[in-house]
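One structure is given here, and the rest of the page talks about it.
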Amino acid sequence: MIRITHSIWLDEKAIEESFVRASGPGGQNVNKVSTAVLLRVSLDKANLPPAVRARLEKLAGRRLTLEGELLIACQQHRTQERNRAEALAMLVELVQRASIAPIRRVKTKPSYGARQRRVDEKTHRGKIKSARSGPVDRD
């Protein structure tokens with residue numbers, strides 16, 4: 069079990085790892101060694117709370133497949149171990165972001181005094197602008 073928060077744990081059985089050849093720098097090592105990691109997380113097997121799963125699906129975006137699997141790829145480092153650790157860290161960070169419930173907005177109204185000050189300021193600005201136009205000469 070992978071600990072996400074104090075109350076959310078991710079089942080390791082839901083995660084499949086596969087290693088593929090990475091692109092980018094690395095010299096001949098790139099052509100020989102499969103260092104890039106592809107994590108495939110089955111959200112059905114992950115045992116996440118429904119609200120967290122819904123937010124995770126929204127956060128995942130294009131990384132979510134039609135089968136309900138989350139794909140995380142990492143090929144930043146030159147070793148399998150570092151790429152694997154980075155991909156797991158990305159997964160944990162994504163689930164942690166999904167575990168935070170958004171704060172509901174509380175509707176408020178401006179006070180009577182605030183509305184009065186706004187109207188007074190508008191009439192004051194209108195008087196200033198109307199004073200800018202001088203008398204019109206009509207010959």
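If you're matching positions, the sequence shown starts at 69 in this note's numbering and goes up one per residue.
For each residue, glycine too, the CB sits at the ideal point set by N, CA and C.
Practice task
For Gln-155, count neighbouring C-beta atoms within 10 Å of its own C-beta (all shown protein chains included) and say buried if the count is 16 or more, exposed if not.
Solution key: Correcting the residue type first, residue 155 is Ala in the shown sequence and not Gln. Looking at its Cβ environment, which holds 16 or more other Cβ atoms inside 10 Å, Ala-155 is buried.
Handout entry: Any non-hydrogen atom of the ligand ADP closer than 7 Å to Arg-123 Cβ
Key = Questions concerning the ligand ADP fall outside what the structure shown contains, since it holds no ligand whatsoever.
Exercise for the section: Alpha carbon to alpha carbon, how far is Thr-176 from Val-109? Give it in angstroms, no decimals. Expected result: Straight-line Cα distance between these residues: approximately 42 Å.
Handout entry: Separation of Leu-127 from Ala-90, as counted between CA atoms
Key = As the crow flies, the alpha-carbon of Ala-90 is around 25 Å from that of Leu-127.
Handout entry: Bounding residues of the alpha helix (DSSP H) (the contiguous stretch that carries Ala-119)
Key = In the DSSP assignment, Ala-119 falls within the unbroken alpha helix (DSSP H) covering 118-128.
Handout entry: Buried versus exposed call for Gln-144 [16 or more other C-beta atoms within 10 Å across all chains shown]
Key = By the neighbour-count rule (16 or more Cβ atoms within 10 Å), Gln-144 is not buried but exposed.
Practice task
Work out the CA separation of Ala-114 and Ala-169 for me, nearest whole Å.
Solution key: A straight-line Cα-Cα distance of about 19 Å links Ala-169 and Ala-114.
Problem - Through-space distance from Arg-200 to Val-194, alpha-carbon basis - result: In the sequence as presented, Val is not what sits at residue 194; that position holds Gly. When rounded, the distance between both Cα atoms is 10 Å.
Exercise for the section: Consult DSSP for Ser-167 and reduce its assignment to one of helix, strand or coil. Expected result: Here Ser-167 sits in helix by DSSP.
Handout entry: Contact under 8 Å by Cβ, Val-120 with Ser-86
Key = Cβ distance not < 8 Å, so Val-120 and Ser-86 don't count as in contact.
Handout entry: Minimum Cβ-Cβ distance from Lys-177 to chain D less than 8 Å
Key = Chain labels in this structure do not include chain D; a single protein chain is all it has.
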